[in-house]
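Count along the sequence shown from 1, then add 34; that gives the number in the numbering used here. This report concerns only the one structure given below.
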Amino acid sequence: MIQSELFVLFWNSDRSIKRYSSMDQTSFYQIHNDLNEMYVVLLKRSIEFQQFARTTVEKLPKIYQEIENDVKFKINDMIAAVQDQTAIPGNLNFHRFFMTFSWGTIMLVGYYFMYFQGSTILPLLLDFIFDTLSAILLAYIIIPAVLYFNLSKYDEYSRKSRFILLVASLFQGLLVGFLLSNCSTVLVLPVEIINMLFVSIISRILGHKLNNDRQVYFGIINGIGFIFLVIIGYITRHLTKAYLFSTASAVLTSHVIIQIYMRRVMQSDLLPSYMLLMMTTLSIYCQTLVRLLFGQYVQIIQLECIFYITVIVNVMAPPKQSHYYY
35 MIQSELFVLF WNSDRSIKRY SSMDQTSFYQ IHNDLNEMYV VLLKRSIEFQ QFARTTVEKL
95 PKIYQEIEND VKFKINDMIA AVQDQTAIPG NLNFHRFFMT FSWGTIMLVG YYFMYFQGST
155 ILPLLLDFIF DTLSAILLAY IIIPAVLYFN LSKYDEYSRK SRFILLVASL FQGLLVGFLL
215 SNCSTVLVLP VEIINMLFVS IISRILGHKL NNDRQVYFGI INGIGFIFLV IIGYITRHLT
275 KAYLFSTASA VLTSHVIIQI YMRRVMQSDL LPSYMLLMMT TLSIYCQTLV RLLFGQYVQI
335 IQLECIFYIT VIVNVMAPPK QSHYYY
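In structure tokens, the structure reads:
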């Protein structure tokens, strides 16, 4: 009886061992097959990546050449536009010109409003959100670049493109105000806004009455406009070096923008949203330069330079010899 029970137990255990061994073999084969499939997939992906890298490396000189040619063409075209002295294009619509530059004025108003918020009211709050480097990259590089590559998705005369430009100018004003909070009192009057209003209104009133004479038109816009801004600075007692420099940069910026605008009209390739983007970007760069040149940052940098030079001189100077002997 005992022998029969032992035999049954041994036989059952042997069956279970065989069953488990067969299960282990099937699982091993399954894992082996899965690993083989993964290896084949990885090998295929690596081959595809190598082919992609090889084709990319082969195309890089062509891509670089295309980008270089495109940049050279645009730069030469802008230089030709600025140097153009021919008559004003006959198909230039001064009403549409007025509408475009009026919206540019609204964008500058929003920019200056947020600039003063960022420089006087919100700098402590913004200091917890942004550091200096990220604010510089966003305000001066990332936002203009994103707008440049994405404005083509929208209709040039649609409200959406203008609304996007307005929101971007508001955000840029906030960031630039935060960055230049120490220089906010250098220039109080918004010179660009006054100049852009003058350009828009005078162009709308006198543009079609000048017989397409470009010299007379720019004589009024640049010459009389500069004198008008100087008179405003004298009346408001803000006629400083910073104000004069800002006035000259505002007049020069509007001159460049109008010249490019007229060339695009002549080429039947007018893109008003890109004109507005160029206008705000140049204005932001020029005003940043003015505030850095005439602001407190210059004084701080000078004091720091004097301090470091004094420290270096004291360290490198030879020690004084004592006249006393012990």
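Beta carbons are placed, not taken as given, at the ideal position from N, Cα and C, and that holds for glycine.
Helix, strand or coil at residue i according to DSSP, with G and I counted as helix
i: SER317; result: helix
i: ASP104; result: helix
i: ILE334; result: Since pLDDT at ILE334 reaches only 44, below the 50 mark, its modelled position is unreliable, and no value is offered.
i: ILE122; result: coil
i: ASP161; result: helix
i: SER215; result: helix
i: TYR191; result: coil
i: ASN127; result: coil
i: ASP111; result: helix
i: GLN206; result: helix
i: SER302; result: coil
i: LEU172; result: helix
i: LEU311; result: helix
i: LEU181; result: helix
i: PRO95; result: helix
i: LEU223; result: coil
i: LEU327; result: helix
i: LEU156; result: coil
Same chain only: Cβ atoms within 8 Å of residue i, ignoring 5 sequence neighbours per side
i: LEU40; result: Confidence in LEU40 is poor, its pLDDT being 42 and thus under 50, which makes the residue's placement unreliable; the coordinate value appears in the next sentence. Cβ neighbours of LEU40 beyond the five flanking positions: none.
i: VAL233; result: PHE135, ILE255, GLY259, SER288 and ILE292
Sequence-distant residues of its chain with Cβ nearer than 6 Å to residue i (five each side left out)
i: HIS129; result: none
i: GLY267; result: LEU273 and TYR277
i: LEU214; result: ARG325
i: LEU158; result: none
i: SER307; result: LEU185, GLU190 and SER195
i: LEU167; result: none
i: THR322; result: none
i: ILE176; result: none
i: GLU226; result: LEU142, ALA284 and SER317
i: TYR146; result: PRO224
Own chain partners of residue i with C-beta closer than 7 Å, once the 5 adjacent residues on each side are dropped
i: ASN125; result: VAL299
i: ILE239; result: none
i: TYR149; result: GLY207, VAL210 and GLY211
Closest residue to residue i among the options (Cα-Cα distance)
i: SER280; options: LEU310, TYR268 and SER317; result: SER317
i: ASP111; options: TYR319, TYR268, ASN70 and ASP303; result: ASP303
i: GLN249; options: LEU223, ILE122 and ASN184; result: ILE122
i: THR315; options: ILE155, GLY138, THR270 and LYS78; result: GLY138
i: MET309; options: GLY257, LEU181, ILE236 and LEU231; result: LEU181
i: GLY211; options: PHE164, ILE235 and ARG193; result: PHE164
i: ILE269; options: VAL285, ARG238, MET230 and LEU223; result: LEU223
i: SER153; options: ASN216, LEU142, PHE252 and GLY253; result: ASN216
i: MET313; options: ILE65, LEU199 and ARG271; result: LEU199
i: GLY257; options: ARG271, PHE150 and ALA282; result: ALA282
i: PHE197; options: ILE140, ALA179 and MET230; result: ILE140
i: ILE236; options: ASN70, PHE132 and SER80; result: PHE132
CB contact check: residue i to chain D, cutoff 7 Å
i: VAL143; result: Of the protein chains in this structure there is only one, and it is not chain D.
Exercise. Would you say the stretch 187-203 touches the stretch 104-113, given that touching needs at least three Cβ pairs under 8 Å?
Worked result: Two segments are said to touch when three or more pairs of C-beta atoms, one from each, lie closer than 8 Å; by this definition the stretch 187-203 does not touch the stretch 104-113.
For this session: Spell out a yes or no on whether the stretch 108-124 and the stretch 295-308 are touching, meaning 3 or more CB-CB pairs, one atom from each, closer than 8 Å.
Result: Output reads yes: the stretch 295-308 touches the stretch 108-124.
Exercise. Touch check for the stretch 260-267 and the stretch 82-101: three-plus C-beta pairs under 8 Å?
Worked result: With a cut-off of 8 Å, the stretch 82-101 and the stretch 260-267 do not count as touching, because too few Cβ pairs lie within range.
For this session: Let me know the alpha helix (DSSP H) ranges lying completely inside the stretch 237-294, each 4 residues or longer, listed in chain order.
Result: Qualifying alpha helix (DSSP H) stretches, in chain order: 248-252 and 259-269.
Exercise. For the stretch 238-247 against the stretch 186-194, are there 3 or more C-beta pairs whose distance is under 8 Å?
Worked result: As far as the Cβ criterion goes, the stretch 238-247 does not touch the stretch 186-194, which means the pair count is below three.
Exercise. Using 8 Å as the Cβ pair cut-off and three pairs as the minimum, do the stretch 157-172 and the stretch 205-214 touch?
Worked result: Flag = yes, the stretch 157-172 and the stretch 205-214 touch.
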